[in-house]
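S.K.:
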Amino acid sequence: MSKKRTSATPWLTALLLCGACGTLQAQTADSAPNSDAPPEDTTMAETPPSPGEHISGTVGFDYASHFISYGGDVWGAGDEFYGTQSTTFGYVDLGVDLPNGFALTLGAWSDINNNAENSIGGNIQEIDVYGGLTYTTGAVTLGAVYQQWYYGGDTERVLDLSVGLDDSGFWGDSGFALNPSFVSHIRVNGQESQDDGAAFVGSVEPGVTLSDDETLPLSLAFPASIGFMTDDFQGGDGGFGYASIGATLGIGLDFIPVGYGDWSVAVNTTYYHTEEDVIPGNPEEDFVTGTVGIAMAF
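Heads up: the sequence shown is residues -26 to -1, 1 to 272, going by mature numbering (1 follows the signal peptide of the UniProt record, and there is no 0).
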């Protein structure tokens, strides 16, 4: 199985964003450094960085109707919307700003449910750990993340290579951006029953601000993606595997004091169309998923 979170993937968010700013937001972030900053006055003493200034993180939980893994319906929920195969994801993601546009990202993710009798422990069906490096230059962020996924009594090893573009500056002062990204998801060492291979996913996520309320700001994003696979990556042919389009409502919980972190809630629904010849294990070729998540960024 190859993993793709049904909401914003925490490591990918960090991969594309944390190299550009010290605070990783749960919903939006600037993915390019501020190149318009005035020159530093060298006649004045440089202000020392405050503790933790270059470290950011996010902790969260998602309650999802489906576990979608690069178009694959992992638990076979099919056309059930929050039916018997729904699941919960828990995650923690950390980012560390480094000099010269580099940043580290590392974290862990878990799939928690009672959908299978055999588990890692209790209702924990899977634990993924990852670490990687990003480099941001101008509006472009490049990244490489190595991951190990523990599930089903075995381990799957993955390398993701990505490129993301902060295109907000191309649209003037409109506040609009497509936020395009591309990921090469390479299975370098699969489980015993898996073939090595790769998935290639292009994504955009335009969004708008609905409200700048000081206590409950609202935003709306429209994530869309298209994925292609090599032969046998999902147990079928190579080629077009899936396409998806969705909507995510972001709600900032800004009434919570700043000292307790930056809290937010996200509600997402996504439509998937999958190709049976490429992903033969899905019970349905077309289905709709839902995710409700809460996160705290610091």
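The beta-carbon is built from N, C-alpha and C at its ideal position, and this holds for glycine as well.
Quick one: grab the DSSP three-state call for G26.
M.R.: coil
S.K.: May I ask which residues mark the beginning and end of the beta strand (DSSP E) holding D228?
M.R.: Unbroken run through D228: none, as it is neither H nor E.
S.K.: Are there 16 or more other CB atoms within 10 angstroms of the CB of P197, so buried, or fewer, so exposed?
M.R.: buried
S.K.: Nearest CA to the CA of L135: which residue from A118, D147, A151, D141?
M.R.: Closest option to L135, Cα to Cα, is A118.
S.K.: Spell out the partners DSSP gives residue 320 in its beta bridges.
M.R.: Summary: the structure shown does not reach residue 320, with the chain confined to residues -26 through 272, and so no result is reported for it.
S.K.: Counting only the same chain and skipping the five closest in sequence on each side, list residues whose C-beta sits under 8 Å from that of E259.
M.R.: Residues of the same chain with a CB within less than 8 Å of the CB of E259, apart from the 5 flanking positions on each side, are H247, T248, E249, E250 in chain order.
S.K.: Counting only the same chain and skipping the five closest in sequence on each side, list residues whose C-beta sits under 7 Å from that of D206.
M.R.: D169, G171
S.K.: Would you call Y44 buried or exposed, if buried means 16 or more other Cβ atoms sit within 10 Å of its Cβ?
M.R.: In the assembly as shown, Y44 is a buried residue. Its beta-carbon has 16 or more other beta-carbons within 10 Å.
S.K.: Which runs of the beta strand (DSSP E) spanning at least 3 residues fall entirely within the stretch 145 to 224, listed in chain order?
M.R.: 155 to 163, 171 to 178, 181 to 185, 192 to 195, 198 to 203
S.K.: Who are D236's beta bridge partners in DSSP?
M.R.: A271
S.K.: What does W123 pair with, by DSSP beta-bridge criteria?
M.R.: D102, E130
S.K.: Could you tell me the boundaries of the beta strand (DSSP E) in which residue 327 lies?
M.R.: Outside the shown range of the chain (-26 to 272) lies residue 327, about which nothing can therefore be said.
S.K.: Evaluate Y216 with the Cβ neighbour count: other Cβ atoms within 10 Å of its Cβ, from every protein chain shown; 16 or more gives buried, anything less gives exposed.
M.R.: buried
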